[in-house]
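Start counting the sequence shown at 121; every next residue gets the next number (our numbering). Quick reminder that beta carbons are idealized off the backbone N, C-alpha and C, glycines included. Computed from a prediction, not measured in an experiment: that's the story for all the values here. Written below as structure tokens is the structure these notes are about.
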Amino acid sequence: MKIVIDADACPRRVLEICRNLSKKYHVPLWTVASFNHVLNGENHITVGNAPQEADIKVVNISQAGDIAITQDWGLAAMLLGKNVHCLSPTGQRYSNQRIDFLLEERNLKARHRRGGGRTRGPKKRTLVQDQRFAASLEQLLQAGENT
């Protein structure tokens, strides 16, 4: 088991939580980001800035039983197909039962924007989100420790 982070848009606090928990549970931590993002880490992979390049690398290095952190619903759908556990930076666990709904929502919002509409961006990150994320990740790590 390893933790793989789609680090292009990952909040710094989430990266910090992942680093701390990966050390606590002795699980390797991998980060993937384009060269536009400066990240330090033992297992960091820098990719170009072509569309979806980081996502493709995350899919390629992930294996069944790994934990992936991403806010990209399309990437989460591909990883779920490989039996990878997926978490959003807010601590929401992606599931096969819910991913179709999320992808449809993404499609509707994109269609709305193409038609000239506007959608809201993310709200400011809260301490509650950090706590929820840490609890969700720790739960997955504990479950992996028991298998």
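- Residue environment for PRO209: buried (at least 16 other C-beta atoms within 10 angstroms of its C-beta).
- Within the model, the alpha-carbon separation for ARG218 versus ASP192 is close to 14 Å.
- Collapsing the DSSP output to three states places VAL147 in coil.
- According to the DSSP assignment, ALA196 belongs to no beta strand (DSSP E) but to the alpha helix (DSSP H) extending over 193 to 201.
- Residues ALA153, SER154, HIS157, ALA174 of the same chain have their beta carbon placed closer than 7 Å to that of ASP128, with the five preceding and five following residues left out of the count.
- Selection VAL147, ARG132, ARG231, ASN227 evaluated against ASP250 yields ARG132 as nearest (Cα-Cα).
- Just measuring C-alpha positions, the residue of GLY264, ASN203, GLU162, LEU159 sitting nearest SER182 is ASN203.
- The three-state secondary structure of VAL178, taken from DSSP, is helix.
- Our two residues, ARG139 and ILE123, have alpha carbons roughly 9 Å apart in a direct line.
- Between VAL134 and PHE253, the C-beta spacing is below 7 Å.
- Under the DSSP assignment, VAL167 falls in the beta strand (DSSP E) whose first and last residues are 164 to 167.
- For GLY161, the CB contacts under 6 Å within the same chain, skipping 5 residues up- and downstream, are THR151 in chain order.
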